[in-house]
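S.K.: Please see the structure below; I have some questions.
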Amino acid sequence: MPSSSRIKTGAFVLEGLNSISTTFYFYFVYWFLSRDLQFGSRENLLWAVAQGAVYVVASLKGGNYGQRRGYLRALKIGFLGMSTCFFLAWFTHWAGLPRSIEIGIQAVLMLVATVSICFTWPNLEAIVSEGEPGPRLQRLIGIYNLVWSGCGAFAYFIGGALFAWLGGAHFTLLIPAIMIAGQWGITHWLAKQPGAETRPHGEAHGSMVSEHERHRTPISPKTFLLMSWLANPCAYVAINTAVPLIPSLAERLGLEPRVAGFFCSIWLFARTVTFLGLWRWTGWHYRFRWLVAAFVGMIAGFLFIFLASSLGSLDRSQVLTLVTVAQIVFGIGLGLIYYSSLFYSMDVGDTKGDHGGIHEAAIGAGLLGGPLVGAAAQFARPGSPTAAAWAVSAVLGVGLVVLVALRYRRERL
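In the working numbering, each number is its position in the sequence shown, counted from 1, plus 850.
This is the structure in structure tokens:
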């Protein structure tokens, strides 16, 4: 059970670096695929589908491995696997192989890298949470959310400019490979520090919230946990449809990659600011109305991000303004949904590694579901710039209905 303050601090450092390096790859790989390998929206979405399918299963395994064998050991496996895959992917691109062969190799390396990343996030979450009393645990979860989201937003903000300056392969593949190799070194050093026991105890250490907060509604804490595990994959359905489509959106808006990185990071910063507010104000704990309001806002924001450019009555400046507002609403909704999932995962139950794995697997379901629906819509209506947005919004609408039904069904039980 890594419990020393040095280990916790090291976990926050690793979390920030991991957020930056994985954002560089998993968000900008679609720019790389579009520019260097001539992928279109459908191919980008299919790439995301494959990644999501692997992420669902591997997250459960990665969290469970850390729970059984030690969080730091799991981190070393994850960082070594990612760094190796990214180095090989960079080398493959510069080897001058035929396009079809390179695509196959890049796809295999992406899948192995996705398995590897699933050994990092659940166990970073668990290190931060393990062995902490309730009030301190709530504070650490807040810091955790601010670190990964803030670093990820910064990485996306500067990513477009770095992509244009360094070139797709150097920025998307080589830089993450070097950074993650450094993360492996930090983890190796942490494993040698006092208090770096590698086997978590799985003991109960108290809730993050008071019993008064838990009894604000007749809904049980476990039902809030289930509802958040439903809402979070829906949020990632939206995110992971949006990210592969952003290159096409930027093209329709007349934005080059450098400017698109700045403009299309607004929702990421909105999510980070939301995390800060939710950390400092706890009135949303065990309040269903906040969760459902966030869900509705997420759907509305997602729709208008991709539909604004198709509204013929608006000029370009009005479209950009509408997309900006939509990104802010989208980011706020995503922030509360994600925070709810992680909060309830750590608050309800004592096996932090396993629950962290389930939390990440729920994200993986969104990684799979969003691009899968978007790709199907693109194949059904090829060439339509809004088909994926409408199809995914319909799926999110179904998720909203299920969320409300779950809340009232549970109330009657």
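Glycine included, C-beta positions come from ideal geometry on N, C-alpha and C.
Per DSSP, what kind of secondary structure is Gln917 in: helix, strand or coil?
M.R.: Helix at Gln917.
S.K.: Straight-line CA distance for Arg1108 to Arg1102?
M.R.: The alpha-carbon atoms of Arg1108 and Arg1102 are separated by roughly 15 Å.
S.K.: What residue does the alpha helix (DSSP H) around Trp971 start on, and which one ends it?
M.R.: That run of the alpha helix (DSSP H) goes Trp971 to Ser979.
S.K.: Can you look up Pro833 in the DSSP assignment and give me helix, strand or coil?
M.R.: With the chain running from 851 to 1263 in the structure shown, residue 833 is simply not present.
S.K.: For the pair the stretch 986–1006 and the stretch 1223–1242, tell me if three or more CB-CB distances fall below 8 Å.
M.R.: Contact fails: fewer than three Cβ-Cβ distances are below 8 Å.
S.K.: Could you tell me how far apart the beta carbons of Ala1085 and Gly1216 are, in whole angstroms, since I believe they sit closer than 8 Å?
M.R.: That pair is a contact at about 6 Å.
S.K.: Measure the CB-CB distance between Ala898 and Asn1090 and report whether it falls below 8 Å.
M.R.: A contact, by the Cβ cut-off of 8 Å.
S.K.: Determine, using beta carbons only, whether Leu864 and Ala1041 come nearer to each other than 8 Å.
M.R.: Cβ atoms of Leu864 and Ala1041: not closer than 8 Å.
S.K.: Run the CB neighbour count on Ser871, radius 10 Å, all protein chains shown included, and call it buried at 16 or more, exposed below.
M.R.: The residue is buried, with at least 16 neighbouring Cβ atoms inside 10 Å.
S.K.: Arg1231 by DSSP, collapsed to three states: which one?
M.R.: Correct three-state label for Arg1231: coil.
S.K.: Classify Arg1108 as helix, strand or coil using the three-state DSSP reduction.
M.R.: It is helical.
S.K.: Short check: CB of Leu1141 to CB of Met1077, under 8 Å?
M.R.: Yes.
S.K.: Cα-Cα, which of Ile1182, Leu1161, Leu1222 and Ala900 is closest to Leu1126?
M.R.: The shortest Cα separation from Leu1126 among Ile1182, Leu1161, Leu1222 and Ala900 belongs to Ile1182.
S.K.: For Ala1088 versus Gly946, is the C-beta spacing smaller than 8 Å?
M.R.: Result no, Cβ atoms of Ala1088 and Gly946 do not sit closer than 8 Å.
S.K.: Using 8 Å for Cβ pairs, my map puts Leu961 next to Val879. What's the rounded Cβ distance?
M.R.: That pair is no contact at about 12 Å.
S.K.: Determine, for Leu987, whether the minimum Cβ-Cβ distance to residues of chain C falls below 8 Å.
M.R.: Absent here is chain C; the protein component of the structure consists of one chain.
S.K.: Threshold first: 4 residues or longer. Then list the alpha helix (DSSP H) segments lying entirely within the stretch 1125–1181, N to C.
M.R.: Segments of the alpha helix (DSSP H) lying fully in the stretch 1125–1181: 1138–1157.
S.K.: In chain order, what residues of the same chain have a beta carbon less than 6 Å from the beta carbon of Gly860, not counting five sequence neighbours either side?
M.R.: Here the set comprises Leu1040.
S.K.: Where are the alpha helix (DSSP H) runs, 4 residues long or more, that stay fully inside the stretch 871–950, in chain order?
M.R.: For the stretch 871–950, whole alpha helix (DSSP H) runs of length 4 or above, ordered along the chain, are 879–886, 891–919 and 921–944.
S.K.: Using 8 Å as the threshold, is the stretch 1014–1034 in touch with the stretch 1152–1166, meaning 3 or more CB pairs across them?
M.R.: Taking 8 Å as the limit for Cβ pairs, the verdict is that the stretch 1152–1166 does not touch the stretch 1014–1034.
S.K.: Using a threshold of 8 Å, state whether the C-beta atoms of Ser909 and Cys968 are closer than that.
M.R.: Contact flag set, yes.
S.K.: Tell me the rounded alpha-carbon separation between Leu883 and Thr1174.
M.R.: Each residue's alpha carbon lies about 26 Å from the other.
S.K.: Tell me which same chain residues have a C-beta within less than 6 Å of the C-beta of Leu1250, skipping the five on either side of it?
M.R.: The answer, listed in chain order, is Phe1145.
S.K.: Rounded to whole angstroms, what's the CA-CA distance from Ile1149 to Trp1034? Just pull it up for me.
M.R.: Taking the straight line from one Cα to the other gives about 38 Å.
S.K.: Comparing C-alpha positions only, which one of Leu1186, Ile927, Ala1014 and Ala1225 sits nearest to Ile1036?
M.R.: For Ile1036, the nearest C-alpha among the options comes from Ile927.
S.K.: Nearest to Pro1097 by CA position, among Tyr877, His1020, Gly916 and Arg918, is which residue?
M.R.: That would be Tyr877, whose Cα lies nearest to the Cα of Pro1097.
S.K.: Starting from the Cα of Ala1092, find the closest Cα among Ser869, Tyr1258, Ala1241 and Gly916 and give me that residue.
M.R.: Selected option, being the one with the closest Cα: Ala1241.
S.K.: If you check the beta carbons only, do Ile991 and Ile857 fall under 8 Å apart?
M.R.: Not in contact: Ile991 and Ile857 (Cβ atoms no closer than 8 Å).
S.K.: Would you grab the beta carbon distance between Phe874 and Phe1112 for me? Rounded to a whole angstrom, and I think it's under 8 Å.
M.R.: The Cβ separation is near 16 Å, so there is no contact.
S.K.: Only counting the same chain, and skipping five residues up and downstream in sequence, which positions put a Cβ closer than 8 Å to that of Gly1032?
M.R.: For Gly1032, where only same-chain residues beyond five positions count, the Cβ hits under 8 Å are Leu867.
S.K.: Helix, strand or coil for Gln956, going by three-state DSSP, please let me know.
M.R.: Three-state DSSP puts Gln956 in a helix.
S.K.: Where does Glu865 sit, in a helix, a strand or coil, going by DSSP?
M.R.: Three-state DSSP puts Glu865 in a helix.
S.K.: Under a Cβ-count criterion, where at least 16 other Cβ atoms within 10 Å of its own Cβ denotes burial, should Ala1227 be classed as buried or exposed?
M.R.: With 16 or more other Cβ atoms within 10 Å, it is buried.
S.K.: Quick one, which of His943, Arg989 and Pro948 has its alpha-carbon nearest Trp1131's?
M.R.: Of the listed residues, the one whose Cα sits closest to Trp1131 is Arg989.
S.K.: Would you tell me roughly how many angstroms separate the C-alpha atoms of Gly913 and Ser1167, rounded to the nearest one?
M.R.: Rounded to the nearest angstrom, the two C-alpha atoms are 46 Å apart.
S.K.: Between the Cα of Phe862 and those of Trp971, Gly920 and Phe889, spot the shortest distance and give me the residue it belongs to.
M.R.: Answer by Cα proximity: Trp971.
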